[in-house]
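Everything in the sequence shown is counted per our numbering, starting at 1068 for the first residue and increasing by one. Note sheet for the following structure.
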Amino acid sequence: MKVLLSSVVLILALSACAASQPGTELVDAQQAQQILQQQNVQVLDIRTPAEFADGHLVNARNLDFYASDFAEQLKQLDPKAPYVMYCASGRRSAEAHLQMKAMGFEQVYEIQGGYQAWQSQNLPVQTP
1068 MKVLLSSVVL ILALSACAAS QPGTELVDAQ QAQQILQQQN VQVLDIRTPA EFADGHLVNA
1128 RNLDFYASDF AEQLKQLDPK APYVMYCASG RRSAEAHLQM KAMGFEQVYE IQGGYQAWQS
1188 QNLPVQTP
């Protein structure tokens, strides 16, 4: 029982440390909307070009997560600039977020639930 309790405490402590590190912010759609209104933030849509063409956040830049040169495209970005990033539901953006953190990006906000969560809140999108 003591081992189990110690393990739980350790996991919670490590989770709290990871969540408090700069550049590792997971935000909901409403929080992302506020960030976009307050700061000069670049918006990264990491869905496929076809998904992007169906609609995306206003002023979003499309970087296809599945492109063979995705990591190279990330290297072209300023790691000191703030970014809001999303995919369709959150899986791809979670992976990309880890890549960006490993590359030294300082301020990346990942929209929890991705574009689906954004749309479910009826927030502004750009459509064809």
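We put the CB at the ideal spot given by N, CA and C, even for glycine. Nothing here was measured: the structure is a model prediction, and the numbers come from that model.
- Looking only at 1129, 1140 and 1149, the smallest Cα-Cα distance to residue 1102 is reached by 1149.
- By alpha-carbon distance to residue 1138, the top candidate from 1092, 1165, 1191 and 1099 is 1165.
- Rounded to the nearest whole angstrom, the C-alpha separation of residue 1141 and residue 1167 is 7 Å.
- From the listed residues 1154, 1132 and 1124, the smallest Cα separation to residue 1193 is found for 1124.
- By the Cβ-count criterion, residue 1114 is buried, with 16 or more other Cβ atoms from all chains shown falling within 10 Å of its own Cβ.
- The C-beta distance from residue 1175 to residue 1110 rounds to 11 Å, too long to meet the 8 Å contact threshold.
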